[in-house]
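For reference, the structure is listed below as structure tokens.
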Amino acid sequence: MEKFTTIDEYIATFPADVQEILQKVRETIKTAVPQATEAISYGMPTFKLEGNIVHFGAFKTHLGFYPVPSGLEAIQEELARYKVGKGSVQFPFNQPIPYELITKIVNFRVTENLENAAAKKKKK
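Using the numbering used here, the letters of the sequence shown correspond one by one to residues 107 to 230.
Quick look at the structure:
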């Protein structure tokens, strides 16, 4: 597995059509949560705010999106048409990428992270 230090480096390793999708996913997340920081974690693009919000990555036939299990459980019905694992969902490249759904998942995860961080501060 290659070691990337930036999301730009990661995206640059893919064909142009996949780069376009990855860049749009990145912009979708940045628009939803502009205060998040970008990182590479587990070898994939990651967005963080009070912990990891989501990871995403390109594979041969799909976009892997990793919001942790709670980020998927909240909208199970909307994900019914996709392959879903524990904490992951696959969006096939041969279908339109559901950017609105990505925004919904990201917003849920941000709220979850902020609530968890506030609860931890309250305990101190």
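All residues carry an ideal CB built from backbone N, CA and C; glycine is no exception.
Three-state secondary structure (DSSP) of residue i
| i | result |
| --- | --- |
| GLN141 | coil |
| GLN182 | helix |
| GLY193 | coil |
| PRO175 | helix |
Endpoints, the beta strand (DSSP E) within which residue i is located
| i | result |
| --- | --- |
| THR152 | 150 to 154 |
| ALA164 | 158 to 164 |
| PHE231 | Residue 231 is absent from the structure shown; the chain starts at 107 and stops at 230. |
CB contact flag (residue i, residue j, <8 Å)
| i | j | result |
| --- | --- | --- |
| GLY177 | ARG215 | yes |
| THR167 | PRO204 | no |
| GLY170 | PRO151 | no |
| TYR116 | ILE146 | yes |
| PHE120 | GLY149 | no |
| ILE113 | GLU133 | no |
| GLN196 | TYR188 | yes |
| GLU184 | LEU207 | yes |
Close beta carbons around residue i, own chain, < 8 Å, minus the five adjacent residues each side
| i | result |
| --- | --- |
| VAL139 | PHE153, LEU155, ILE159, VAL212, ASN213, VAL216 |
| ALA118 | GLN125 |
| ILE127 | ALA164, LEU169, PHE199, ILE203 |
Residue environment, residue i, which counts as buried when at least 16 other CB atoms sit within 10 Å
| i | result |
| --- | --- |
| SER194 | buried |
| LEU220 | exposed |
| ALA142 | buried |
Contacts around residue i, its chain only, beta-carbon distance under 7 Å, and the 5 residues preceding and following it disregarded
| i | result |
| --- | --- |
| GLU218 | SER176 |
| LYS209 | Residue identity differs from the one stated: residue 209 is Thr in this sequence, not Lys. So the qualifying residues of the chain are THR134, ALA138. |
Segment limits, alpha helix (DSSP H) that includes residue i
| i | result |
| --- | --- |
| LYS227 | 205 to 229 |
| TYR116 | 113 to 117 |
Below-8 Å beta-carbon distance, residue i vs any chain C residue
| i | result |
| --- | --- |
| PRO121 | Of the chains in the structure shown, none is chain C; there is only one protein chain. |
Sequence-distant residues of the same chain with beta carbon closer than 6 Å to residue i, five excluded per side
| i | result |
| --- | --- |
| ALA223 | GLU156 |
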